[in-house]
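Listed in order, the protein sequences are those of chains H and X.
Residues 1494 to 1979 (the working numbering) make up the first sequence, in order.
Residues 2 to 159 (the working numbering) make up the second sequence, in order.
Report on the structure given below.
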Amino acid sequence: MREAGVIDEGQARRLHPGTIGISLLKNAPSTLIGLPAFLAFTSRGGWAWIIPVVIVATLVSALFTWLGWLRFTYRIMSDDVVIESGLLSRKRRSIPFDRIQDVSIERGPLARLFGLARVRLETGGGGDDEGDLDSVSMAEAQRLRATLRGERVTRMAMEGAEPEPVAAAEPIFAMSFGRVLFSGLFNFSLVWLAALFGALQYLDDFLGFSYRDLVRWAGLARDTVSDRVTFANIALLLIAAAFLGIFSGVLRTIARDFGFKLTHEQARFRRVRGLFTHSEVVVAERRIQLALVHTGWLRRLFGYQGVSFQTLGGSDDASGRQEMAPFADPREVLRVLNAAKIAAPDRAGLTQVSRGHVTRALIKNGAVPLIVIAGAGFAFPPAWLALLLMPVPLGIALLERRFHRYRLEAGRIVVARGVTAQRTWIVPTANVQAVSVTQGWLQRRLGLASVMIDTAGGSVLSGPHVIDVKRDEAWGLQRGLVERVA
Amino acid sequence: MDSPVDLVPLERGQLHVIRIQTAIQSAVLLVPAVIGDFALRERGVPMGAIAVPVLLLGLWSVFFAAHRRWRSWGYAFAGDELHVASGWWTRVHTVVPLGRVQHIDVTQGPVERPFAVAKLIVHTAGTANSIVVLPGILRETAEAMRDAIRVHIRGAPW
């Protein structure tokens, strides 16, 4: 079952020499720009000897990078992958084939220039337990993946599991450029404004002005037009910020989702996306813990949803969730779910949580803003105008109960929650870890409880939790889940 | 909040352990309070304006709150599950199906040793409940539970 030209067992291999070049280029901003800037600042003049210093610094860092490259080797043995590294303290990491969940290939913009790729061997442990080969040539990366995958297939066959026949690699979900552009409109993001102001502050001395000057100019401008209605200025500012937010959201989405393609073959999903950093991620069906169908209130109006799988290990982002279809219409969502052998949830069949949820949501959404407005209002009377905005969070709180439903079925539990960010969790009961029933002080008064369903590879921030059901229902749900796990 | 199963309370020794730990925490808080007092003495603030409330709070937490916290704990170990309940303000009742346990530790810190109590630490593959701690049980009980749970630990199903 091994392909021709596969890697010889036990032979120690080094990373591609181009790695040194990439590493130097990546560190260039700090050695070539930062260091001279720092020296110029501290020594006041003497530009002549900056250049030799830069050359020496570059040579020294090149030397250490080369030494590090020299001492980094990896080998494919009969049962595991051995990675040895380290200049002074040698580190030997052995990753058994059985523990390798997937082999992902990443190509940053520099790596693509050189024709290299970064190979990551992802295990269930994550973090320290992973193998990271940064960088090898693209051909080598493909060979590594074929070998390691071939190993898995061999082992699966030895254990009696039949590998599925290779299906045609037709994508089950792909995003055209138009779709990516359209989806970017929904990813409003003002984070670039903050970055811009941060950059302005940093480049203070290089530019002729600073952001303090900008504020002063804005103040001068404001004073000169103070006769005219300042509402117009504020409105203009808000519109400008809105446009900037939309624009930056579109750019970010294009950079992240350009050329999005999801294929499914041999019980594995492969997702390819990215403009600058071309990332390729493989998710094995066996590793999928739950499916999450998510959408926003505006996206929903247009009929678009997103599908992610929560997997164990092998994650791009911290929460262990992989986006399989960020912006899809209902037909495509069904296709992705069916490919993972997950039946679509039937929204009508879900039951609502208790009425007390509205009370608690009102308090949660209303108390903090009210306190903030009251505090600001005593110091700055016009802040009371913000009370006009209060109906929004309060209205959302009133809807919370309608949008929070759940149902425990034969082999899975479906939980839907969220008014603005709407999430529907589909969790097979076999993947439920521990179940906690929690009761806060107010919940005790109202006779409610929340059921926190713990899953592997999840995030602490959001999960398939059922908030504010009647206490007996909570116990019943916990009992039902635990019984199905055993 | 009542529980679907009967919960066993922790050992009495754990109450003393909690008291000692709380006393240490309060003592640690007292140091910056006293320093703050000395610093503010020049400004005319009477001596002890910060330290006395902190001291009173510490005494209250050692003599009253510690007992309440000790009483709020409970556990049950039956069949295929481990129940751990705790919390006075927010009650949390966690059920760990034994088949979901990845590995187990039994630990006994220096404060716990003289009172003959130990801690059972159960690791699961979850995120919020990746570590479930059951403090304040006898060492023999903890080890018996550990051996019973070990039977249930299978290889990773994935």
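Note that beta-carbon positions come from the ideal geometry of N, C-alpha and C, so glycine has one too.
Start-to-end residues for the beta strand (DSSP E) that takes in H:Met1817:
For the purposes of this step, residue 1817 of chain H is identified with residue 324 of the first sequence, where counting begins at 1. For H:Met1817, the uninterrupted beta strand (DSSP E) run begins and ends at Arg1814 to Ala1821, by DSSP.
H:Glu1773 beta carbon less than 8 Å from that of H:Ala1760:
Your numbering for residue 1760 of chain H matches position 267 in the first sequence. Your numbering for residue 1773 of chain H matches position 280 in the first sequence. At least 8 Å separates the beta-carbon of H:Ala1760 from that of H:Glu1773.
Check distances from the C-beta atoms of the stretch 91-106 of chain X to those of chain H and list, in chain order, the residues that come in under 7 Å.
Only those residues of the stretch 91-106 of chain X whose C-beta falls short of 7 Å from the nearest C-beta of chain H are listed: Thr91, Arg92, Val93, His94, Thr95, Val96, Val97, Pro98, Gly100 and Arg101.
From H:Phe1679 to H:Glu1615, what does the alpha carbon distance come to, in whole angstroms?
Position 186 of the first sequence, counting from 1, holds the residue named residue 1679 of chain H. Position 122 of the first sequence, counting from 1, holds the residue named residue 1615 of chain H. Roughly 32 Å between the two C-alpha positions.
Alpha carbon to alpha carbon, how far is X:Lys120 from X:Gly137?
Translated into positions along the second sequence, residue 120 of chain X becomes position 119. Translated into positions along the second sequence, residue 137 of chain X becomes position 136. Using only the alpha carbons, I get a separation of about 6 Å.
Closer than 8 Å, CB to CB, is X:Ala129 near chain H or not?
Within the second sequence, the letter at position 128 stands for residue 129 of chain X. For X:Ala129, the nearest CB of chain H lies under 8 Å from its own CB, placing it at the interface with that chain.
Mind listing the chain X neighbours of H:Gln1759? Cutoff is C-beta to C-beta under 7 Å, in chain order.
By one-based count along the first sequence, residue 1759 of chain H stands at place 266. Residues of chain X whose Cβ lies closer than 7 Å to the Cβ of H:Gln1759 do not exist, since the nearest Cβ in that chain is about 16 Å away.
Quick check on the DSSP output: the alpha helix (DSSP H) that includes H:Asp1965 runs from which residue to which?
On the first sequence, position 472 is the one that residue 1965 of chain H refers to. In the DSSP annotation of this structure, the continuous segment of the alpha helix (DSSP H) that includes H:Asp1965 starts and ends at Arg1964 to Val1978.
Through-space distance from X:Val96 to X:Pro115, alpha-carbon basis:
Working through the second sequence from its first residue, we reach residue 115 of chain X at position 114. Working through the second sequence from its first residue, we reach residue 96 of chain X at position 95. One Cα belongs to X:Pro115, the other to X:Val96, and the distance between them is close to 30 Å.
Please state the DSSP three-state secondary structure of X:His94.
The sequence position of residue 94 of chain X within the second sequence is 93, counting from 1. Here X:His94 sits in strand by DSSP.
Is the stretch 1909-1921 of chain H touching the stretch 59-73 of chain X, taking contact as three or more C-beta pairs under 8 Å?
Too few Cβ pairs lie closer than 8 Å, so no.
Report the option in H:Ala1833, H:Trp1562 and H:Arg1745 whose CA atom is closest to the CA atom of H:Ser1801.
Your numbering for residue 1801 of chain H matches position 308 in the first sequence. Looking at the Cα atoms, H:Ala1833 is the closest of the given residues.
Quick one: what's got a C-beta closer than 8 Å to X:Val112's C-beta in the same chain, skipping five residues either side?
The residue labelled residue 112 of chain X in the question sits at position 111 within the second sequence. Taking X:Val112 as the centre and dropping the five residues before and after it, the same chain places the C-beta of Val18, Ile21 and Gln22 closer than 8 Å to its C-beta, in chain order.
Top-ranked residue by Cα proximity to H:Val1846, from H:Leu1892, H:Arg1749, H:Gly1904 and H:Ser1587
As a first step, residue 1846 of chain H must be located in the first sequence, where it is residue number 353. Comparing Cα-Cα distances from H:Val1846 to each of H:Leu1892, H:Arg1749, H:Gly1904 and H:Ser1587, the minimum goes to H:Leu1892.
Does any residue of chain H bring its CB to less than 8 Å from the CB of X:Val133?
Along the second sequence, read from residue 1 onward, the residue named residue 133 of chain X stands at position 132. Using a Cβ-Cβ cut-off of 8 Å, X:Val133 counts as an interface residue toward chain H, since at least one Cβ of chain H sits closer than that to its own.
On the criterion of 16 or more Cβ atoms from any shown chain inside 10 Å, does X:Pro47 qualify as buried, or is it exposed?
On the second sequence, residue 47 of chain X is found 46 positions in, with the first residue counted as 1. Label assigned to X:Pro47: exposed.
Use the C-beta contact count for H:Met1817: other C-beta atoms within 10 angstroms, 16 or more gives buried, fewer gives exposed.
Taking the first sequence and counting its residues from 1, the one referred to as residue 1817 of chain H is at position 324. Burial is judged here by how many other beta carbons sit within 10 angstroms of a residue's own beta carbon; H:Met1817 has at least 16 and is buried.
Considering only the alpha carbon of each residue, which of X:Asp3, X:Ile154 and X:Ala149 lies closest to X:Ala79?
Within the second sequence, numbered from 1, the residue matching residue 79 of chain X stands at position 78. In this structure, X:Ala149 is the residue among X:Asp3, X:Ile154 and X:Ala149 with its C-alpha nearest to the C-alpha of X:Ala79.
Taking contact to mean 3 or more Cβ pairs, one atom from each stretch, closer than 8 Å, check whether the stretch 1952-1965 of chain H and the stretch 33-49 of chain X are in contact.
Short answer: they don't touch.
Run through DSSP, which three-state label would H:Val1912 get?
Working through the first sequence from its first residue, we reach residue 1912 of chain H at position 419. In the three-state reduction of the DSSP assignment, H:Val1912 falls in the coil class.
Going by the CB atoms, is the gap between X:Asp38 and X:Ile1 shorter than 8 Å?
The structure shown does not extend to residue 1 of chain X, since chain X is modelled only from 2 through 159, so no value can be given for it.
Tell me, which residues are paired with X:Thr142 by DSSP?
Translated into the one-based positions of the second sequence, residue 142 of chain X becomes position 141. Paired residue(s): none; X:Thr142 is not in a bridge.
Beta-carbon separation of H:Leu1970 and H:Val1978 under 8 Å?
On the first sequence, residue 1970 of chain H is found 477 positions in, with the first residue counted as 1. On the first sequence, residue 1978 of chain H is found 485 positions in, with the first residue counted as 1. It is not a contact, given that the beta carbons lie outside the stated cut-off.
Given a threshold of 16 other Cβ atoms within 10 Å of its Cβ, counted over all protein chains shown, does H:Gln1926 qualify as buried or as exposed?
Mapped onto the first sequence, residue 1926 of chain H falls at position 433. Here H:Gln1926 is buried, its C-beta having at least 16 other C-beta atoms within 10 Å.
Under DSSP, the alpha helix (DSSP H) around X:Val35 begins and ends at which residues?
Taking the second sequence and counting its residues from 1, one reaches residue 35 of chain X at position 34. Annotation: the continuous alpha helix (DSSP H) that includes X:Val35 extends over Arg13 to Arg42.
Using CA coordinates, which residue listed in H:Pro1884, H:Ser1597 and H:Leu1603 is at the minimum distance from H:Gln1635?
In the first sequence, counting from the first residue as 1, residue 1635 of chain H sits at position 142. When only C-alpha atoms are compared, the closest one is H:Ser1597.
DSSP beta-bridge partners for H:Ser1682?
Indexing the first sequence from 1 puts residue 1682 of chain H at position 189. Answer by DSSP bridge pairing: none, since H:Ser1682 is not bridged.
In the DSSP assignment, find the alpha helix (DSSP H) that holds H:Phe1675 and state where it starts and stops.
As a working note, residue 1675 of chain H is residue 182 in the first sequence. Annotation for H:Phe1675: the continuous alpha helix (DSSP H) segment containing it runs Phe1670 to Gly1677.
At least one CB of chain X closer than 8 Å to the CB of H:Ala1748: is that the case?
Taking the first sequence and counting its residues from 1, one reaches residue 1748 of chain H at position 255. Nearest CB-CB separation between H:Ala1748 and chain X: not below the 8 Å threshold.
Look at the alpha carbon of X:Phe64 and the alpha carbon of H:His1850, and state the distance between them as a whole number of angstroms.
Within the second sequence, residue 64 of chain X is the residue found at index 63, counting from 1. Within the first sequence, residue 1850 of chain H is the residue found at index 357, counting from 1. CA-CA distance, X:Phe64 to H:His1850, rounds to 36 Å.
What's the C-alpha gap between H:Ser1812 and X:Val55?
As a first step, residue 1812 of chain H must be located in the first sequence, where it is residue number 319. As a first step, residue 55 of chain X must be located in the second sequence, where it is residue number 54. In this prediction, H:Ser1812 has a pLDDT of 45, which is less than 50 and means its spatial position is unreliable; what the coordinates show is noted afterwards. H:Ser1812 and X:Val55: Cα-Cα distance of roughly 40 Å.
Which runs of the alpha helix (DSSP H), 4 residues or longer, sit entirely within the stretch 102-156 of chain X?
The qualifying runs are 140-153.
On the DSSP letters alone, give me the boundaries of the beta strand (DSSP E) that H:Thr1788 sits inside.
As a first step, residue 1788 of chain H must be located in the first sequence, where it is residue number 295. Looking at the DSSP string, the run of the beta strand (DSSP E) that includes H:Thr1788 is Ile1781 to Gly1789.
On the criterion of 16 or more Cβ atoms from any shown chain inside 10 Å, does H:Phe1762 qualify as buried, or is it exposed?
On the first sequence, position 269 is the one that residue 1762 of chain H refers to. It is buried - the Cβ of H:Phe1762 has at least 16 other Cβ atoms within 10 Å.
Give me the subset of the stretch 5-20 of chain X whose CB atoms are less than 7 Å from a CB atom of chain H, sorted by chain position.
Look at the stretch 5-20 of chain X: the residues with a C-beta under 7 Å from a C-beta of chain H are Pro5.
Could you check whether the Cβ of X:Arg151 sits closer than 8 Å to any Cβ belonging to chain H?
Locating residue 151 of chain X in the second sequence gives position 150, where the first residue counts as 1. No, X:Arg151 lies away from the interface with chain H (no Cβ there is under 8 Å from its Cβ).
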